[in-house]
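To start, the structure under review is shown below, and the notes come after it.
2 protein chains.
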Amino acid sequence: MKAEIIAVGTELLLGQIVNTNAQYLSQELAALGIDVYFQTVVGDNMNRLAEAVRTASGRADVLIFTGGIGPTQDDLTKEVLAEVLGRTLYIDSEAMANVDRFFQGRGVPMTENNRRQALAIEGGTPLPNETGLAVGNALFVDGKFYVVLPGPPKEMKPMFEHQAKPWILEHVLTGEMPIYSRMLKFAGIGESALETKLLDLIEAQSDPTVAPYAKEGEVTIRVSTKAASELDAAVKLDAMEREIAARLPEYLYANVDEPIEKTILDLMASRGLTLSAAESCTGGLLMEMFTALPGSSAVFAGGIVCYSNEMKEKLLNVPHDLLEGDGAPGAVSAETAKVLAEQVRLTVGTDIGLSITGVAGPAHSERKPVGLVYIAISRRGSDTAVFELNLKGNRETIRMRAAKTLLYRLWRALQGG
Amino acid sequence: MKAEIIAVGTELLLGQIVNTNAQYLSQELAALGIDVYFQTVVGDNMNRLAEAVRTASGRADVLIFTGGIGPTQDDLTKEVLAEVLGRTLYIDSEAMANVDRFFQGRGVPMTENNRRQALAIEGGTPLPNETGLAVGNALFVDGKFYVVLPGPPKEMKPMFEHQAKPWILEHVLTGEMPIYSRMLKFAGIGESALETKLLDLIEAQSDPTVAPYAKEGEVTIRVSTKAASELDAAVKLDAMEREIAARLPEYLYANVDEPIEKTILDLMASRGLTLSAAESCTGGLLMEMFTALPGSSAVFAGGIVCYSNEMKEKLLNVPHDLLEGDGAPGAVSAETAKVLAEQVRLTVGTDIGLSITGVAGPAHSERKPVGLVYIAISRRGSDTAVFELNLKGNRETIRMRAAKTLLYRLWRALQGG
Numbered sequence: 001m002k003a004e005i006i007a008v009g010t011e012l013l014l015g016q017i018v019n020t021n022a023q024y025l026s027q028e029l030a031a032l033g034i035d036v037y038f039q040t041v042v043g044d045n046m047n048r049l050a051e052a053v054r055t056a057s058g059r060a061d062v063l064i065f066t067g068g069i070g071p072t073q074d075d076l077t078k079e080v081l082a083e084v085l086g087r088t089l090y091i092d093s094e095a096m097a098n099v100d101r102f103f104q105g106r107g108v109p110m111t112e113n114n115r116r117q118a119l120a121i122e123g124g125t126p127l128p129n130e131t132g133l134a135v136g137n138a139l140f141v142d143g144k145f146y147v148v149l150p151g152p153p154k155e156m157k158p159m160f161e162h163q164a165k166p167w168i169l170e171h172v173l174t175g176e177m178p179i180y181s182r183m184l185k186f187a188g189i190g191e192s193a194l195e196t197k198l199l200d201l202i203e204a205q206s207d208p209t210v211a212p213y214a215k216e217g218e219v220t221i222r223v224s225t226k227a228a229s230e231l232d233a234a235v236k237l238d239a240m241e242r243e244i245a246a247r248l249p250e251y252l253y254a255n256v257d258e259p260i261e262k263t264i265l266d267l268m269a270s271r272g273l274t275l276s277a278a279e280s281c282t283g284g285l286l287m288e289m290f291t292a293l294p295g296s297s298a299v300f301a302g303g304i305v306c307y308s309n310e311m312k313e314k315l316l317n318v319p320h321d322l323l324e325g326d327g328a329p330g331a332v333s334a335e336t337a338k339v340l341a342e343q344v345r346l347t348v349g350t351d352i353g354l355s356i357t358g359v360a361g362p363a364h365s366e367r368k369p370v371g372l373v374y375i376a377i378s379r380r381g382s383d384t385a386v387f388e389l390n391l392k393g394n395r396e397t398i399r400m401r402a403a404k405t406l407l408y409r410l411w412r413a414l415q416g417g
Numbered sequence: 001m002k003a004e005i006i007a008v009g010t011e012l013l014l015g016q017i018v019n020t021n022a023q024y025l026s027q028e029l030a031a032l033g034i035d036v037y038f039q040t041v042v043g044d045n046m047n048r049l050a051e052a053v054r055t056a057s058g059r060a061d062v063l064i065f066t067g068g069i070g071p072t073q074d075d076l077t078k079e080v081l082a083e084v085l086g087r088t089l090y091i092d093s094e095a096m097a098n099v100d101r102f103f104q105g106r107g108v109p110m111t112e113n114n115r116r117q118a119l120a121i122e123g124g125t126p127l128p129n130e131t132g133l134a135v136g137n138a139l140f141v142d143g144k145f146y147v148v149l150p151g152p153p154k155e156m157k158p159m160f161e162h163q164a165k166p167w168i169l170e171h172v173l174t175g176e177m178p179i180y181s182r183m184l185k186f187a188g189i190g191e192s193a194l195e196t197k198l199l200d201l202i203e204a205q206s207d208p209t210v211a212p213y214a215k216e217g218e219v220t221i222r223v224s225t226k227a228a229s230e231l232d233a234a235v236k237l238d239a240m241e242r243e244i245a246a247r248l249p250e251y252l253y254a255n256v257d258e259p260i261e262k263t264i265l266d267l268m269a270s271r272g273l274t275l276s277a278a279e280s281c282t283g284g285l286l287m288e289m290f291t292a293l294p295g296s297s298a299v300f301a302g303g304i305v306c307y308s309n310e311m312k313e314k315l316l317n318v319p320h321d322l323l324e325g326d327g328a329p330g331a332v333s334a335e336t337a338k339v340l341a342e343q344v345r346l347t348v349g350t351d352i353g354l355s356i357t358g359v360a361g362p363a364h365s366e367r368k369p370v371g372l373v374y375i376a377i378s379r380r381g382s383d384t385a386v387f388e389l390n391l392k393g394n395r396e397t398i399r400m401r402a403a404k405t406l407l408y409r410l411w412r413a414l415q416g417g
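Chains as they are written, first to last, in full-length UniProt numbering: chain P, 1 to 417; chain W, 1 to 417.
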C-alpha cells in the first residue's frame with residue numbers, strides 16, 4: 001500500500017510555516033504499515049493543485065491532503081479534487097450546523113464564505129472537525145483512497161486520530177493484520193542515552209519492533225506488532241514492555257501516550273494529595289501545564305507567579321536578607337527556592353508545594369549565568385528537596401526544561417525514589 | 001522564474017525528521033523573487049527519484065535538491081540526476097582533497113565509500129562544503145537550472161548562502177527584481193471577516209499583493225511587492241498599509257511579525273506602566289505568554305493562579321458571599337472577575353490588573369455552560385472594564401481564546417478605545 005501526502009498552501013511555499021503535518025502523518029501511516037513514497041507541497045492554485053492530484057493518483061494508492069479547506073477564496077482542495085474525480089460538491093448539513101452554531105455562539109453574523117467550510121464531495125464520508133469549522137472528507141474512487149484533512153495541526157491531528165484513522169483501518173487496510181502499538185513514555189533521560197540502552201532491540205527489528213519516536217520535549221519509544229487480535233498483540237507488547245522497563249526502571253513513567261503531568265495528577269488524585277506552585281523564571285508555564293488537563297482542580301489548587309523580588313517578599317514571605325544585600329544568596333539560589341516551595345505550600349494550604357527560580361535569559365541576572373535554575377519540592381512532614389540545574393538552550397528551551405525536570409523530580413518523589 | 005525544491009531522504013518519508021530545509025529555501029528563494037511552485041519529498045530510491053526529477057524538469061525552471069549526497073550506498077541524488085540529464089560523473093579534486101584532509105586530521109583511514117562525497121556532474125560547478133565533506137553542484141542543462149545541496153541544515157545553509165545564492169544571482173537572475181514583504185498583524189477579528197473587508201485588494205492581485213496568512217491563533221496579512229531597492233519597496237508597502245489600516249483601524253496592532261503581548265509590553269514599557277494578573281480557568285496561560293518574552297520583567301510583576309474558590313478568598317479577598325450561597329453570582333461571574341482584577345492590582349501593586357474566570361470544560365461548573373468566561377481590566381483611577389465571552393471549542397481552544405481576547409481588550413484600552 002503506497003501513500004502520498006499532499007500539503008496545500010502557498011504559506012508553505014513561501015516558507016512562512018514548516019510542514020510538520022507531513023512528519024506527523026508519515027509517522028502515523030508508517031505505524032499503520034502504509035509506505036509513504038512521496039510528500040508534495042503545492043500552492044493555493046487551481047491548475048497546479050489539479051496537476052499534483054493527477055500525478056499522485058498515478059503513483060499512489062492512498063492520497064492524504066492537508067490544508068486548503070478553510071473559508072477563503074484560495075481554499076481550493078475540495079473543489080479541485082471533486083473536479084479531477086468528476087464528482088460534485090454539496091453542503092454537509094451536520095458541518096453546516098456546526099458552522100452556524102459557532103457564529104450564533106459568538107453573536108456575530110456568519111459571512112457567506114464560511115459555507116465553504118461545510119463542503120463535502122459526493123459519495124464520500126464527511127469527517128467531522130472537533131476543534132474547528134472545516135469538515136474533512138474521505139472517499140474511494142477508481143481503486144484509490146482519498147482523505148482530506150485541515151491544515152492547522154490542532155484541527156488536523158484530532159481529525160486524523162478520531163475520524164481518518166478508523167476510516168483507513170476499515171476501508172484501506174481490509175484483510176491485512178492490523179498493527180498494534182504501545183507508547184512507552186520516558187522522562188529524566190535524553191533521547192540518545194535512551195537509544196543507547198535499547199540499541200540491540202532497535203537494530204534487531206524484532207517482533208515487536210522498537211522505535212524511538214521524537215516528539216517535542218519528550219522521549220517516547222513506540223513498540224509495535226502485527227497481530228490478529230488485540231489480545232494476541234497485548235501478549236507480545238507486554239513482554240517487550242517488561243524487557244524495556246527492566247533496563248530503564250527509573251525513567252519509564254507511563255505506557256500510554258500522556259504527558260508526565262497527567263501521570264502525576266492521577267497518582268496524586270488517587271492518594272488525595274493537593275498541589276500548589278510558586279514560579280519565578282517560568283512565569284506560569286508549570287501551572288499552565290497542570291491546568292491544561294481536565295479535572296486538574298481536584299489536585300491543583302493554585303499558585304503564585306512571583307516574577308519580581310517584591311512579589312517574593314510580599315506574597316511568599318521570602319526574607320529580604322535572602323534576596324538582597326552584600327553576600328545575600330539572591331533570588332536565584334537554593335535558599336530562595338526552598339522558601340518559595342515551603343511558603344507556597346503553607347499559603348495555599350496544600351500537601352505539596354513546588355518552586356522554580358532561575359535565569360532563563362537572554363540576559364544574565366544577579367551575575368549568575370543563563371541556564372542556572374533552582375527547583376524545589378516541599379512536602380508536608382518531609383525535608384524540602386532542592387535541585388540545582390544548569391540548562392542549555394534559549395529562553396524558551398530553558399523554561400521548558402526547568403518545568404519538565406521539576407515534573408520528573410516530583411514523579412520520582414511520589415514513587416519514593 | 002518557477003522553482004521546485006526536492007528533498008531526498010527516506011527518513012523524511014518515515015517522519016523521523018521534519019523538512020525544515022524546504023522552509024529555509026522557500027524563504028530565501030522568495031526573497032530573491034523566485035516563486036516556489038512545488039516542494040517534493042522522495043525517498044532514497046533510484047526509480048522514484050528519477051521520476052521526481054523528470055516531473056520537476058517538466059514544470060519548473062529551477063530545481064533545488066537537498067540531501068542524498070553523503071557517503072552511503074543509498075545517497076543517490078547526483079547519480080540519478082546525472083543519469084536523467086545524460087551526463088557523466090567525475091571526482092572533483094578539490095572536494096577529494098577536502099575529504100582526504102578530514103580523515104588525515106582525525107588519524108583514521110578513509111573508507112572507500114567516502115570518495116562518493118567528492119562526486120560532481122560533468123559540465124557543472126562544484127559547490128564547496130564549508131562545514132562537511134559532501135560537495136554540492138550547480139548546473140545549467142537544456143534551459144533548466146539545477147542546484148544540489150547537502151541534507152543536514154548546518155551544511156546546507158552555509159552552502160546555499162555562500163555558494164549557491166551567488167551562482168543563482170549570476171546565472172539565474174539576470175535583471176529580475178527581488179520581493180519585499182511586510183506582515184500586518186490583527187487581533188479581535190476572525191480570518192474570514194478580515195478577508196471580507198479586504199476582498200477587493202486580495203482578488204485584484206494588485207501591486208503590492210495582499211494575502212491572508214493563517215497562523216495558529218493569529219490573523220496576519222502579508223503585503224508583498226517586487227522592487228529595485230528596499231526604499232522603492234517601502235514607498236509602495238507604506239501606501240498599501242495605510243489603505244488597509246484605514247479599513248480596519250481597531251484591529252491592526254502591528255506591522256511587524258510579533259504577537260500582541262509583545263506590542264502590549266512595548267507600549268506599557270514606554271509609558272512606565274506595570275501589570276499583574278489573576279487567572280482562574282486559564283491557570284497561568286496568560287502570564288506564561290507575557291513572561292515568555294525577554295525583558296518582560298520591566299512591565300510584568302507577577303500574579304496569582306486562583307484555581308480554587310478558597311484561593312480566590314484567601315489571596316484575593318473575594319467576599320465569600322460572592323462565591324457561594326443561594327443566589328450568589330459565583331466564581332464565574334462579572335462580579336468576581338471585577339474583584340479579581342482590582343484585588344490582584346492592589347495586592348501586587350501595579351498600574352493595571354487583569355483577570356480571567358470561566359468554564360473551560362469539559363465539565364460544566366456552577367451550572368454554567370462550558371465556554372462562558374468573564375475577563376476584566378482594572379486600571380488605577382478608572383472604572384474596571386468587564387467583558388462576558390461565550391466561547392466555542394475544546395478546553396485548550398477556550399482557554400487560548402479567553403487569553404487572546406483579554407489581550408485584545410487590553411491593547412484597545414491602552415489605545416484609549
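Where a beta carbon is used, it is the ideal one built from N, C-alpha and C, also for glycine.
Open item on the list: Taking 8 angstroms as the threshold (C-beta atoms), are residue 212 (chain W) and residue 111 (chain P) in contact?
Closed with: Stepping through the first sequence from its first residue, residue 111 (chain P) is reached at position 111. Stepping through the second sequence from its first residue, residue 212 (chain W) is reached at position 212. Not in contact: residue 111 (chain P) and residue 212 (chain W) (Cβ atoms no closer than 8 angstroms).
Task: is_contact[residue 143 (chain W), chain P] using C-beta, thresh 8 angstroms - done: Working through the second sequence from its first residue, we reach residue 143 (chain W) at position 143. Closer than 8 angstroms: no.
Task: Proximity of residue 302 (chain P) and residue 400 (chain W) at Cβ, strictly below 8 angstroms - done: Here residue 302 (chain P) refers to the residue found at position 302 when the first sequence is read from its first residue. Here residue 400 (chain W) refers to the residue found at position 400 when the second sequence is read from its first residue. Against a cut-off of 8 angstroms, the Cβ pair of residue 400 (chain W) and residue 302 (chain P) comes out as no contact.
- [ ] Look at the alpha carbon of residue 84 (chain P) and the alpha carbon of residue 244 (chain W), and state the distance between them as a whole number of angstroms.
- [x] Residue 84 (chain P) sits at position 84 when you count from the first residue of the first sequence. Residue 244 (chain W) sits at position 244 when you count from the first residue of the second sequence. Cα-Cα distance, rounded: 37 angstroms.
Open item on the list: So if I threshold CB-CB distances at 9 angstroms, which residues from the segment 282 to 306 of chain P count as touching chain W?
Closed with: 282, 283, 284, 285, 286, 287, 288, 289, 290, 291, 292, 293, 294, 295, 296, 297, 300, 301, 302, 303, 304, 305 and 306
Task: Whole-angstrom distance between residue 86 (chain P) and residue 146 (chain P), CA atom to CA atom - done: For the purposes of this step, residue 146 (chain P) is identified with residue 146 of the first sequence, where counting begins at 1. For the purposes of this step, residue 86 (chain P) is identified with residue 86 of the first sequence, where counting begins at 1. Between residue 146 (chain P) and residue 86 (chain P), the C-alpha separation is close to 14 angstroms.
Open item on the list: Taking the beta carbon of residue 343 (chain W) as the centre, do at least 16 other beta carbons fall within 10 Å, making it buried, or is it exposed?
Closed with: Against the second sequence, residue 343 (chain W) aligns to sequence position 343. Classified as buried, residue 343 (chain W) has 16 or more neighbouring CB atoms from the shown chains inside 10 Å of its CB.
Open item on the list: I'd like the span of the alpha helix (DSSP H) that includes residue 73 (chain P), first residue to last.
Closed with: Start at 1 with the first residue of the first sequence, and residue 73 (chain P) comes out as number 73. Per DSSP, residue 73 (chain P) belongs to no alpha helix (DSSP H) and is neither H nor E.
- [ ] Could you check what DSSP says for residue 106 (chain W) in three-state terms: helix, strand or coil?
- [x] As a working mapping, residue 106 (chain W) is identified with position 106 in the second sequence. Residue 106 (chain W) falls in the helix class under three-state DSSP.
TODO: Could you pull out every residue in the same chain whose Cβ sits closer than 7 angstroms to the Cβ of residue 350 (chain P), ignoring the five residues on either side in sequence?
DONE: For the purposes of this step, residue 350 (chain P) is taken as residue 350 along the first sequence, with counting starting at 1. Within the same chain, residue 350 (chain P) has close Cβ partners 274, 275, 276 and 301.
Task: residue 128 (chain P): contacting residues in chain W (beta-carbon distance under 9 angstroms) - done: Numbered from its first residue, the first sequence carries residue 128 (chain P) at position 128. The contacting residues do not exist; residue 128 (chain P) stays about 13 angstroms from chain W at best.
Open item on the list: Less than 8 angstroms between the beta carbons of residue 127 (chain W) and residue 99 (chain W), yes or no?
Closed with: Within the second sequence, numbered from 1, the residue matching residue 127 (chain W) stands at position 127. Within the second sequence, numbered from 1, the residue matching residue 99 (chain W) stands at position 99. Cβ distance not < 8 angstroms, so residue 127 (chain W) and residue 99 (chain W) don't count as in contact.
- [ ] Given a cut-off of 8 angstroms, decide if residue 19 (chain W) and residue 12 (chain W) are closer than it, judged by their beta-carbon atoms.
- [x] Reading the second sequence from its first residue, position 12 is the one you call residue 12 (chain W). Reading the second sequence from its first residue, position 19 is the one you call residue 19 (chain W). In this structure, residue 19 (chain W) lies closer than 8 angstroms to residue 12 (chain W) by Cβ.
TODO: Using a Cβ cut-off of 8 angstroms (strictly closer), state whether residue 183 (chain P) contacts chain W.
DONE: Translated into the one-based positions of the first sequence, residue 183 (chain P) becomes position 183. Contact with chain W is absent for residue 183 (chain P), since none of that chain's Cβ atoms lies less than 8 angstroms from the residue's Cβ.
- [ ] Determine which residues share a DSSP beta bridge with residue 137 (chain W) and list them.
- [x] For this step, residue 137 (chain W) is matched to residue 137 along the second sequence. Residue 137 (chain W) pairs with W:126 and W:148.
- [ ] Report the neighbours of residue 311 (chain P) on chain W: residues whose CB is nearer than 8 angstroms to its CB, in chain order.
- [x] Looking up residue 311 (chain P) in the first sequence gives position 311. Chain W residues near residue 311 (chain P): 301, 302 and 348.
Task: Residues bridged to residue 39 (chain W) [DSSP beta-bridge criterion] - done: By one-based count along the second sequence, residue 39 (chain W) stands at place 39. Residue 39 (chain W) is bridged to P:41 and W:5.
Task: For residue 279 (chain W), three-class secondary structure by DSSP - done: On the second sequence, position 279 is the one that residue 279 (chain W) refers to. Here residue 279 (chain W) sits in strand by DSSP.
Task: chain P contact for residue 160 (chain W) (CB, 8 angstroms cutoff) - done: Translated into positions along the second sequence, residue 160 (chain W) becomes position 160. So no, residue 160 (chain W) is outside the interface.
Open item on the list: Is residue 140 (chain P) close to chain W? Criterion is C-beta to C-beta, closer than 8 angstroms.
Closed with: Residue 140 (chain P) sits at position 140 when you count from the first residue of the first sequence. Closer than 8 angstroms to the CB of residue 140 (chain P) there is not a single CB belonging to chain W.
- [ ] Starting from the beta carbon of residue 395 (chain W), find every residue of chain P whose beta carbon is closer than 7 angstroms, and list them in chain order.
- [x] Indexing the second sequence from 1 puts residue 395 (chain W) at position 395. Here the neighbours are 294.
- [ ] Work out the CA separation of residue 68 (chain P) and residue 477 (chain W) for me, nearest whole Å.
- [x] For residue 477 (chain W) there is no data in the structure shown, the boundaries of chain W being 1 and 417.
- [ ] Would you mind sorting residue 192 (chain W) into buried or exposed? The rule is 16 or more other CB atoms within 10 Å of its CB.
- [x] Within the second sequence, residue 192 (chain W) is the residue found at index 192, counting from 1. Result: buried.
Open item on the list: So residue 39 (chain W) contacts chain P; which residues on that side make the cut at Cβ distance below 9 angstroms?
Closed with: For the purposes of this step, residue 39 (chain W) is taken as residue 39 along the second sequence, with counting starting at 1. Those are 7, 12, 13, 19, 39, 40, 41 and 42, listed as they occur along chain P.
Open item on the list: Just checking: is the beta-carbon of residue 77 (chain P) within a distance shorter than 8 angstroms of some beta-carbon in chain W?
Closed with: For the purposes of this step, residue 77 (chain P) is identified with residue 77 of the first sequence, where counting begins at 1. Output row for residue 77 (chain P): interface = no.
Task: Those runs of the beta strand (DSSP E) which lie wholly inside the segment 206 to 231 of chain P and span at least 3 residues - done: Within the segment 206 to 231 of chain P, the complete beta strand (DSSP E) runs of at least 3 residues are 209 to 215 and 218 to 226.
Open item on the list: Just verifying my parser: in three-state terms, what is the DSSP assignment at residue 183 (chain P)?
Closed with: Within the first sequence, the letter at position 183 stands for residue 183 (chain P). Residue state, collapsed to three classes: strand.
Open item on the list: Quick check on residue 93 (chain W) - is its C-beta less than 8 angstroms from some C-beta in chain P?
Closed with: Here residue 93 (chain W) corresponds to residue number 93 of the second sequence, with the count starting at 1. No - not a single Cβ of chain P is within 8 angstroms of the one on residue 93 (chain W).
Task: Under 9 angstroms from the C-beta of residue 48 (chain W): neighbouring residues of chain P - done: On the second sequence, position 48 is the one that residue 48 (chain W) refers to. Those within 9 angstroms of residue 48 (chain W) in chain P are 37, 38 and 59.
Open item on the list: Along the segment 253 to 277 of chain W, where does the CB come closer than 7 angstroms to a CB of chain P? Name the residues.
Closed with: none
- [ ] For the segment 220 to 237 of chain W and the segment 19 to 35 of chain P, state whether three or more C-beta atom pairs, one from each stretch, are separated by less than 8 angstroms.
- [x] no
TODO: Determine the extent of the beta strand (DSSP E) in which residue 302 (chain W) is found, giving its start and end residues.
DONE: Here residue 302 (chain W) is taken as the residue at index 302 of the second sequence, counted from 1. First-last of the beta strand (DSSP E) with residue 302 (chain W): 300 to 306.
Task: Interface flag, residue 408 (chain W) vs chain P, CB-CB below 8 angstroms - done: Position 408 of the second sequence, counted from the start, is the residue given in the question as residue 408 (chain W). No, no contact with chain P.
TODO: Indicate whether residue 63 (chain P) and residue 144 (chain P) have their beta-carbon atoms separated by less than 8 angstroms.
DONE: Here residue 63 (chain P) refers to the residue found at position 63 when the first sequence is read from its first residue. Here residue 144 (chain P) refers to the residue found at position 144 when the first sequence is read from its first residue. Result yes, Cβ atoms of residue 63 (chain P) and residue 144 (chain P) sit closer than 8 angstroms.
Task: Coil, strand or helix - residue 409 (chain W) by DSSP - done: Counting from 1 along the second sequence, the entry for residue 409 (chain W) is found at position 409. Reduced to three states, the DSSP call for residue 409 (chain W) is helix.
Open item on the list: So with CB distances below 7 angstroms, who are the chain P contacts of residue 30 (chain W)?
Closed with: The residue labelled residue 30 (chain W) in the question sits at position 30 within the second sequence. Within chain P, the residues near residue 30 (chain W) are 14 and 15.
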